[in-house]
């Protein structure tokens with residue numbers, strides 16, 4: 143029996159099964175590139191919080207918002223050139239896992 147997948151079904155399969163973001167790998171990226179400003183647990187140090195950095199443990203961010211901030215910057219935050227490709231997805235997954 144031959145199965146024909148629609149483009150939408152194939153895209154959904156690929157985005158979930160094959161290319162799923164890895165929050166554990168994202169933690170490694172976060173620890174190297176993000177935690178100085180955003181804090182080791184997602185709560186920024188007091189000085190950074192005064193600058194307007196949001197607390198990842200209490201604020202909801204979409205994947206798109208996180209990815210855009212990392213790749214394009216946001217407000218005073220500059221883009222993070224060391225974080226590219228799958229690492230952007232992974233760090234977004236990790237940041238979302240910090241929400242309590």
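Numbering (my numbering), first residue to last: 143 to 242. Virtual Cβ for every residue (Gly too), placed ideally from N, Cα, C. A quick note: this is a predicted structure, and the numbers were derived from the prediction, not measured.
*For residue 216, which residues does DSSP report across the bridge?*
219
*What's the call for residue 218, buried or exposed, on a 16-neighbour Cβ count within 10 Å?*
exposed
*What do you get for residue 189, buried or exposed, if any count of 16 or more other CB atoms within 10 angstroms of its CB means buried?*
exposed
_Distance between residue 178 and residue 157 (C-alpha atoms, nearest Å)_ = Caution is warranted here: a pLDDT of 46 is assigned to residue 157, below 50, making its placement in the model unreliable, and no coordinate value can be reported.
*Let me know the secondary structure DSSP gives residue 189 once reduced to three states.*
helix
*Got a sec, what are the start and stop residues for the alpha helix (DSSP H) residue 178 sits in?*
Element bounds for residue 178: 177–180.
*On the three-state DSSP scale, how would you describe residue 194?*
Coil.
*By how many angstroms is the C-alpha of residue 210 removed from the C-alpha of residue 168?*
C-alpha separation (whole angstroms): 16 Å.
*Name the two residues that bound the continuous alpha helix (DSSP H) containing residue 237.*
228–239
*Tell me whether residue 235 is buried or exposed, calling it buried when 16 or more other Cβ atoms sit within 10 Å of its Cβ.*
It is buried - the Cβ of residue 235 has at least 16 other Cβ atoms within 10 Å.
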